[in-house]
Amino acid sequence: MDAVNAGMSAGSIVFSLVVFVLSIVAYWRIFEKAGEAGWKSIIPIYDVYILFKIAWGKGWMFLLLLIPVVNIVIYIMMLYKLNKAFDKGVGFFILLLLLPNIGYLILAFDGSEYIGPQ
Numbered sequence: 000m001d002a003v004n005a006g007m008s009a010g011s012i013v014f015s016l017v018v019f020v021l022s023i024v025a026y027w028r029i030f031e032k033a034g035e036a037g038w039k040s041i042i043p044i045y046d047v048y049i050l051f052k053i054a055w056g057k058g059w060m061f062l063l064l065l066i067p068v069v070n071i072v073i074y075i076m077m078l079y080k081l082n083k084a085f086d087k088g089v090g091f092f093i094l095l096l097l098l099p100n101i102g103y104l105i106l107a108f109d110g111s112e113y114i115g116p117q
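Residues in the sequence shown are numbered from 0 upward in steps of one, following numbering that gives the first Met the number 0.
Spelled out as structure tokens, the structure:
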């Protein structure tokens, strides 16, 4: 039984690392598409500030994530604004809302261009 648990733990760690690396790659490319330096995506907290700056035009809005319940609404609004900043439709917004990591990867590697905060 211990071997099964060890195997599952190792699998979970590998899966988590893959998701983590793919998230960094996606953020890096999104930042570069928006005219920001990609390295900013690997600095905790600062990456969220830059993401809000890209989506909203006002990076300080990320501070609203510190307010309980309001943070949910603000995050959804940020996803919508990020969607619009890359001129995507409602379907893509729903993808970002339900599966953000997949949405970020698509946004990073598709042919869309950053048009700025809307």
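Cβ atoms here follow ideal geometry from the backbone N, Cα and C, with glycine treated the same way.
Because the structure is a prediction, the values reported are computed rather than measured.
Query raised in the report: Going by the CB atoms, is the gap between Lys80 and Pro116 shorter than 8 Å?
Result: yes
Report task. Give me the Cα-Cα distance between Ser8 and Ile114, rounded to the nearest whole angstrom. Result -> 43 Å
Query raised in the report: Among Ile101, Ile49, Pro67, Leu97, which one has its Cα closest to the Cα of Trp59?
Result: Ile49
Query - Cβ contact check for the region 62 to 70 and the region 94 to 102: 3 or more pairs under 8 Å - result: no
Query raised in the report: Applying the criterion that 16 or more other CB atoms from any shown protein chain within 10 Å of the CB defines a buried residue, is Glu35 buried or exposed?
Result: buried
Query raised in the report: How close, in whole Å, do the beta carbons of Tyr26 and Asp46 come, if the pair is a contact with beta carbons under 8 Å?
Result: 6 Å
Query raised in the report: Can you tell me whether DSSP reads Tyr131 as helix, strand or coil?
Result: No statement about residue 131 is possible, as the shown extent of the chain runs from 0 to 117 and does not include it.
Query raised in the report: Rounded to a whole number of angstroms, what is the C-alpha to C-alpha distance between Val63 and Glu31?
Result: Here the sequence assigns Leu to residue 63, which means Val is not the residue at that position. About 25 Å.
Query raised in the report: What is the rounded straight-line gap between the Cα of Leu21 and the Cα of Met76?
Result: 23 Å
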